[in-house]
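Take a look at the structure set out below.
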Amino acid sequence: MAHLRLLLVFAAIAALGYAAYRRGGIPISFNPAAPTAEPTLGFMVRQGRHLHHPHRHPSGTLGAQLSSRWRSNRELRMTPAASATMLAAIPAGSNALEIPSASSASPTPSGPKSLFPKNFEGCWQATVTQPESWTFGRGPVVKGISPSTYMLCFHNAGPNGNVTFSTTAEYPVVSDWVVSNVGVENGHTDVLFSGDNFVVLRTKSSTPLHMKILGVFPGPTGIITSRTDFHCTHLDGDKMLVEASTEQRCINAHTIDCDGDVWIKESWHAEFDRVSG
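Position one of the sequence shown corresponds to residue 55 (this note's numbering), numbered consecutively onward.
Okay, here's the thing in structure tokens:
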């Protein structure tokens, strides 16, 4: 009960204070000292043009001062256009907040990468007399291995360059009455990797293998599909070391066991000479 009485007393005091404030019974004075310039976040607070002192107002009360200011400024309305004009008039300087404009400079695009190094450009040739490894799978039985000449040509070292591959390899079959004749090769070579002095190539090709009975009458024709990977390293003295691995399959001729199985697998390496620049 005592707490309730104390609460009522505080409420009565607050009510009397508010009534006296409304009647102007509590004078509130302003500090007559002029404000000094103080640094803030990007701006400076400077002394205003007019200083208002309480003794200059007839009433001397806060309520009267606020009422007088409201009446005198009631017709002054800040429009958006006026605000924009005032903001535009603020001079740029060390105390002005500035938002940096977005950089219009764009990174200079680098040129397209070359397909292979410039020092590989041209045609290279070597003859392989004996492979490092040679395996026969299933298909027409060949008589043996004959020396073969291989040529790699690197055309145009730019981004639109290309590489071609050709060989003189023959595949004579073991038969007294059937003769094989390798037709025109149809192939394509891709660059799988290109470094400073190292290039990896992959050639895929297909070659018809014609059979002639007694060397005169046409026999079955198989298709030899081939995939060869080349690891090419440019050496001092303008040489090129080539390490190759080949897998061939014979298809399209069931009578000579060309059913798509691995026919020949071989690997070899040789030092190629430049034959044209």
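Just so it is clear, CB atoms sit at the ideal spot from N, CA and C, and this is done for glycine as well.
Span separating the alpha-carbon of residue i from that of residue j
i	j	result
S330	G176	5 Å
F271	E239	23 Å
F284	T243	10 Å
M205	F326	8 Å
R328	H209	13 Å
N173	N235	37 Å
V233	V227	7 Å
M294	G191	31 Å
P213	V253	15 Å
S260	S220	12 Å
N251	N306	40 Å
E301	V217	20 Å
G273	K197	18 Å
C207	H308	36 Å
G241	S299	16 Å
P166	W178	25 Å
I318	A324	19 Å
P171	V245	11 Å
Which residues DSSP lists as bridging residue i, in chain order
i	result
F284	L255 and A298
R303	T279 and V316
F219	L206
P262	I277
N235	H264
V182	S202
Residue closest to residue i, alpha-carbon to alpha-carbon, out of the options
i	options	result
A211	K293, S248 and W322	S248
P262	S299, V245, E224 and N251	E224
S321	T222, A307 and V296	V296
V316	H308, L246 and G193	G193
Neighbour-count burial assignment, residue i, 16 or more Cβ in a 10 Å radius
i	result
T189	exposed
R59	exposed
V195	exposed
L49	No information on residue 49 is available, as it lies outside the stretch 55 to 331 that the chain covers here.
L255	buried
T350	Because the chain in this structure spans residues 55 to 331, residue 350 falls outside the shown range and cannot be described.
T222	exposed
Heavy atom of the ligand NAP within 7 Å of residue i beta-carbon
i	result
D315	This structure lacks the ligand NAP, and indeed carries no ligand of any kind.
At least 3 beta-carbon pairs within less than 8 Å: the segment 268 to 278 vs the segment 303 to 316
Yes: at least three Cβ pairs fall under 8 Å.
When you compare the segment 285 to 299 with the segment 262 to 272, are there three or more beta-carbon pairs, one atom per stretch, that lie closer than 8 Å?
With a cut-off of 8 Å on Cβ pairs, the segment 285 to 299 is not in contact with the segment 262 to 272, counting fewer than three such pairs.
Contact the segment 198 to 213 vs the segment 176 to 188: 3+ CB pairs below 8 Å
Result yes; three or more Cβ-Cβ pairs closer than 8 Å.
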